[in-house]
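Numbering (the working numbering), first residue to last: 16 to 85.
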């Protein structure tokens with residue numbers, strides 16, 4: 016399911032217009048992104064949780080060019 020599918024489901028199951036459903040979905044994801052930017056953990060009980068994990072960088076390699084990437 017993607018964002019468009021979610022909007023359509025909200026429309027059909029709750030009698031919302033596409034504009035209303037789109038606004039609800041946008042607000043949800045904006046708030047979620049804002050919380051993650053602040054370093055908060057976002058948990059949707061029974062489904063999933065999101066958090067930002069910081070870790071030290073590493074040296075990788077571009078598989079097409081073989082170039083080293085930091």
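Idealized CB from N, CA, C, for every residue including glycine.
Exercise for the section: Buried or exposed for residue 19, please, with buried defined as at least 16 other CB atoms from any protein chain shown within 10 angstroms of its CB. Expected result: exposed
Handout entry: Three-state secondary structure assigned by DSSP to residue 67
Key = coil
Exercise for the section: Please confirm whether residue 40 and residue 47 have their CB atoms less than 8 Å apart. Expected result: no
Practice task
Please work out which residues of its chain come closer than 8 Å, Cβ to Cβ, to residue 81, disregarding the five sequence neighbours upstream and downstream, and give them in chain order.
Solution key: So the list is empty, once near-sequence residues are dropped.
Practice task
Can you give me the Cβ contacts of residue 33 inside the same chain, cut-off strictly under 7 Å, excluding the 5 residues immediately before and after it?
Solution key: 22, 26
Exercise for the section: Would you mind working out which of 28, 24, 85 sits nearest residue 71, comparing C-alpha positions? Expected result: 85
Exercise for the section: Have a look at the DSSP bridge pairing and note the partners of residue 76. Expected result: 83
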